[in-house]
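Numbering (the UniProt record's numbering), first residue to last: 1 to 481.
Some notes on the structure that comes next.
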């Protein structure tokens, strides 16, 4: 498996994607069913949640939680996916894959200690600054501490909600589960999938010739942005297969054409005889055509992306804005070297987010339509879309690297007093040369506004960070971990 880690890029991008999308994009919303029984269970969020009902095969675990493991493909050919959904022989496949993937990123002494140390260091810096505002007023660490404060809620959120990114473990889980998979044939005989072909209904493939994006093949959390859209589409496909099969079962329609529904004496149980048929009948039961023309976008994908972007952006600008407020309202009040540096960092980080998300949208569009019949005009359009996607991806990474270097350099300039000069301290950038002035001696200067601004900045960054952590904690009840 090709695995690459780019720490500098990660510093600027992971804040938006380590938690993936706040509203889990793997799961279609607003679909509920109370149908129970093996092979027909549909859950409020089918892809990624375990069933709490009884009966073999009723525990369906979504492979969506393995989002970080590479590229996944759903195969409709040869009734592979529909066989997993319908055939009673595959009832053990779902709880099996659930068990194999049932591992989480847990809190360790090291991670807890690291977070606690960062919090303590930040609080001590803030306390020292507020206790004596006039001491080192232009070189205190409150602004720099605030601009990095987003790391704490992001790391905590990642520990709570991160997908399965261990390629070796996910690959082994898929192989172990696939060893017990069965498939329906054209003659109605059920055989092991491994005896039928090398194709599998759900596969993690890292050797595609033309992936939608090279980033989709890489496992570190920073690359989750490249997989969210394709996995949302796959999640909805599997959900729809179960939903349609469940509806057929509720109407007492057996899989085999012309057969009579066999009622069971047990409550919430479907007789295995109702779930047998040949390949075409199994496909029809889930309404999965061999060559379906589907929308490349999952239902409500863009609205969820929009909503999911609001909280990370709020976290970004609450911490960056807090740093800007601290230095902007420090005498001499106005836009200066320090505040402009923080504004540039926040703006470039947002640009990186926009470029990479747009890149993932365009690459998914190009990949989805690449194998469909098209005119010369549409072929040219797809090539341009693919080119734009690549340029946005490369450009986003370049800007991220530059931005990471810049924010580190800005901190060094702050603490080495390089910013402590007449030009920067007089806020020439904001006030202009004509109205700029430099306060040489602070005696007699009213620092009440400055102290109030510092308290306000602390409250802004702290409250939004705590709110982010609280919201992530709420989502642990909704998203599979």
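Ideal Cβ positions, reconstructed from N, Cα and C, are used throughout, including at glycine.
Element boundaries [beta strand (DSSP E), containing residue i]
i	result
residue 182	182 to 184
residue 276	Per DSSP, residue 276 belongs to no beta strand (DSSP E) and is neither H nor E.
residue 190	190 to 192
Proximity below 9 Å, CB of residue i to CB of residue j
i	j	result
residue 190	residue 89	yes
residue 466	residue 153	yes
residue 447	residue 137	yes
residue 286	residue 245	yes
residue 332	residue 421	no
residue 83	residue 259	no
residue 147	residue 342	yes
residue 96	residue 199	no
residue 122	residue 157	no
residue 405	residue 298	no
residue 296	residue 233	yes
Buried versus exposed call for residue i [16 or more other C-beta atoms within 10 Å across all chains shown]
i	result
residue 276	buried
residue 24	Residue placement at residue 24 cannot be trusted, given a pLDDT of 37 that sits under 50; what the coordinates show is reported in the next sentence. Looking at its Cβ environment, which holds 16 or more other Cβ atoms inside 10 Å, residue 24 is buried.
residue 325	buried
residue 473	exposed
residue 464	buried
residue 120	exposed
residue 266	exposed
residue 375	exposed
residue 432	exposed
residue 26	Because residue 26 sits at a pLDDT of 34, beneath the cut-off of 50, its placement in the model cannot be relied upon, and the following sentence gives the value as read from the coordinates. With 16 or more other Cβ atoms within 10 Å, it is buried.
residue 236	buried
residue 140	buried
residue 37	Legend: pLDDT at residue 37 = 35, less than 50; position of this residue unreliable, value from coordinates given subsequently. With 16 or more other Cβ atoms within 10 Å, it is buried.
residue 197	exposed
residue 356	buried
residue 445	exposed
residue 242	buried
residue 476	exposed
residue 69	For residue 69, the pLDDT reaches just 47, beneath the cut-off of 50, and the residue's location in the model is therefore unreliable, leaving the point undetermined.
residue 46	Confidence at residue 46 is low in this model, with a pLDDT of 29, below 50, so the placement of that residue should be treated as unreliable; the coordinate-derived value is given next. Buried, because 16 or more other Cβ atoms sit within 10 Å of the Cβ of residue 46.
residue 18	Model confidence at residue 18 stands at a pLDDT of 29, short of 50, so the residue's coordinates are unreliable; what they give is reported in the following sentence. Under this definition residue 18 is a buried residue.
residue 490	Absent from the structure is residue 490, since the part of the chain shown begins at 1 and ends at 481.
residue 408	exposed
residue 318	buried
residue 320	buried
residue 452	exposed
Residue interval of the alpha helix (DSSP H) (run including residue i)
i	result
residue 324	301 to 328
residue 449	448 to 475
residue 263	First-last for residue 263: undefined, no H or E at that position.
residue 144	142 to 147
residue 158	151 to 161
residue 269	Segment: none, residue 269 is in no alpha helix (DSSP H) and carries neither H nor E.
residue 83	80 to 86
residue 437	That residue, residue 437, is in no alpha helix (DSSP H); it is neither H nor E in DSSP.
residue 170	167 to 178
residue 198	No alpha helix (DSSP H) holds residue 198; DSSP gives it neither H nor E.
residue 364	337 to 369
residue 423	422 to 425
residue 233	228 to 250
residue 94	93 to 100
Anticipated Cβ contact below 8 Å, residue i with residue j, distance rounded
i	j	result
residue 222	residue 86	So it is not a contact: roughly 39 Å between Cβ atoms.
residue 359	residue 396	6 Å
residue 315	residue 150	5 Å
residue 454	residue 142	6 Å
residue 100	residue 177	6 Å
Report task. Count the C-beta pairs between the region 242 to 253 and the region 382 to 390 that are closer than 8 Å, then say yes if the count reaches three, no if not. Result -> no
Report task. Indicate whether the contact test is met: 3 or more Cβ pairs, each with one atom in the region 337 to 351 and one in the region 170 to 187, closer than 8 Å. Result -> no
Requested in this report: Determine, using beta-carbon pairs with one atom in the region 215 to 229 and one in the region 111 to 120, whether at least three such pairs fall under 8 Å.
Outcome: Result no; under three Cβ-Cβ pairs closer than 8 Å.
Query raised in the report: For the region 321 to 338 against the region 413 to 427, are there 3 or more C-beta pairs whose distance is under 8 Å?
Result: yes
Requested in this report: Indicate whether the contact test is met: 3 or more Cβ pairs, each with one atom in the region 397 to 409 and one in the region 299 to 309, closer than 8 Å.
Outcome: no
Query raised in the report: Does the pairing of the region 360 to 373 with the region 455 to 463 give three or more beta-carbon distances under 8 Å?
Result: Touching, no.
Query raised in the report: Any contact of the region 163 to 179 with the region 424 to 443, i.e. 3+ C-beta pairs under 8 Å?
Result: The answer is no - the region 424 to 443 does not touch the region 163 to 179, with fewer than three Cβ pairs under 8 Å.
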